[in-house]
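What follows is a single structure, written as structure tokens, with notes after it.
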């Protein structure tokens, strides 16, 4: 569905944008891939690798609605990956986080509707489910904006959805590069915030492929959640450094013991499919649709009342060997 199409990626110089570009170039023949981001150095560096004739690089900030409208002219699909993501930085600079994650989301929506983009998928996070920090709260607000945007389109064709998943193995700022650096520097112990802490784990490629598939699945208004494995942080540390002792340092501000992707309070809205969940919108749209069957013909079923999908009650867990296989390039 991406052949001869124009695709724009906000925050496109990040790890997700690069991998998404990789997959598009390897498997499709897009007319244009537009990388929209604010860092000229990162764009210059990305251009050294991704210089196909279909590549376009736009300097711009999602806070700038007019620039977004210019960049989306003629665009068919948008992936909104730009965000302020670091939890401590968001707590210390709350208005800056709000400007990027909430006002920026609103600008993406308005620009997409103005240009009659076909489909928009916004990247969310497990921290948006029952949020306890500002980053998660802004991403929950962003999710609500993208879902409700389907009510703003009138007779236009534009449709919006969101994708929510957990820790991306090897992403910037994640625990794996941090532990790897400590091990290489000869650390005598690894810091663990809590002995029982768990996290959902997904590779970058899995995340990209999930988003690609959801462009085909989406009808508008869904929050897509993949079924992915969990791992206990103590087991992750053992897998990376089996001989190093661990030091419990306490949960940091804004951290949860277990991350949630489908809250129990949304169980009446949650549908289970073979390899993913869909959280249906709480509001109705002018267009009528049933989310029990998606555009690929996949069938879903309601979950039980009170069902919660969190990293602590998961039925799928990563073994040491499987984790090391998934994280190999970052170790």
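In the working numbering, the protein residues as written are -5 to 325. Note that CB positions come from ideal geometry on N, CA and C, so glycine has one too.
Among 59, 57, 42, 58, the one whose alpha carbon lies nearest that of residue 51: 42
Residue 98 vs residue 57 beta-carbon contact at 7 Å: yes
Exposure of residue 159, with buried meaning 16 or more beta-carbon neighbours within 10 Å: buried
Where residue 111 sits in the DSSP three-state scheme: coil
Beta-carbon proximity check, residue 63 vs residue 105, cutoff 7 Å: Here residue 63 is near residue 105, since their CB atoms are less than 7 Å apart.
Ordered list of beta strand (DSSP E) runs contained in the segment 48 to 116, each at least 3 residues: 49 to 53, 71 to 74
Separation of residue 280 from residue 169, as counted between CA atoms: C-alpha separation (whole angstroms): 44 Å.
Status (buried if at least 16 other CB within 10 Å, exposed otherwise) for residue 70: That one is buried.
Nearest to residue 300 (by Cα), restricted to the options 315, 321, 262: The residue with the shortest Cα to Cα distance from residue 300 is 262.
The segment 264 to 274 contacting the segment 243 to 252, beta-carbon criterion three pairs below 8 Å: The segment 264 to 274, when compared against the segment 243 to 252, does not touch it at the 8 Å Cβ threshold.
Touch test, the segment 304 to 318 against the segment 214 to 230, Cβ-Cβ under 8 Å, three pairs minimum: yes
Segment contact flag, the segment 8 to 28 with the segment 202 to 210, C-beta cutoff 8 Å, min 3 pairs: yes
Stretch pair the segment 106 to 118 + the segment 135 to 151: three plus CB contacts closer than 8 Å: Below 8 Å, enough C-beta pairs join the segment 106 to 118 and the segment 135 to 151 to call them touching: three or more.
Neighbourhood of residue 308 by C-beta, 8 Å cutoff - its chain only, sequence neighbours within 5 removed: Contacts found: 192, 194, 223, 224.
Bridge partners - residue 220, DSSP secondary structure assignment: 270
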